[in-house]
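Student: Below is a structure I'd like to ask you about.
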Amino acid sequence: MSLYNIRIEFLLMLLFFSLTMCSASIFGRVHVKISNELGQGLVLNLHCKSRDDDLGSHALPIHGSFQFSFRPSVIRTTIFTCSFQWNGGYHVAEIYNHDRDRCRNCTWSIIPSGPWLYNFDTKKSYCYLWPQKG
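Numbered by mature numbering (1 follows the signal peptide of the UniProt record, and there is no 0), the letters in the sequence shown go through residues -24 to -1, 1 to 110 in order.
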């Protein structure tokens, strides 16, 4: 193997480790909290998953919460989707989308009209409506 090839391999390895370390600091862990704020004593059943992880099903009493954390993909493709069911209603929402969300601490409140996100990093809140059926 020539000296040129060894240098190229060394530079590629150095680049790889630099990107890995950089992404670990830039794309640190994201913490997500989902709370049941439906009211009227309704239990919220949720099931969250990404392409790589299935977080299972959870039943949340009123004001109860479910939390998880993860490290976003270096190539910015991380998406977590959750299904929500209560009192005959069924809805699905993207709880984390790397292209949309810029929070390290994402706090969701599930209310009858839709999911509500509070981003602790920016101190902003975002309300989304459930899609109309029919």
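Note that CB positions come from ideal geometry on N, CA and C, so glycine has one too.
For the beta strand (DSSP E) that contains residue 57, what are its first and last residues?
Tutor: Its beta strand (DSSP E) spans residues 55 to 62.
Student: Grab me the residues of residue 63's own chain with a C-beta within less than 6 angstroms of its C-beta, minus the 5 sequence neighbours each way, in chain order.
Tutor: Result list for residue 63: 18, in chain order.
Student: Out of 99, 6, 100, which has the shortest C-alpha to C-alpha gap to residue 55?
Tutor: For residue 55, the nearest C-alpha among the options comes from 6.
Student: With DSSP collapsed to three states, give me the class of residue 18.
Tutor: In this structure, residue 18 counts as coil in the three-state DSSP scheme.
Student: Which two residues bound the contiguous beta strand (DSSP E) that contains residue 92?
Tutor: It spans 90 to 95 - the beta strand (DSSP E) in which residue 92 sits, taken as one unbroken run.
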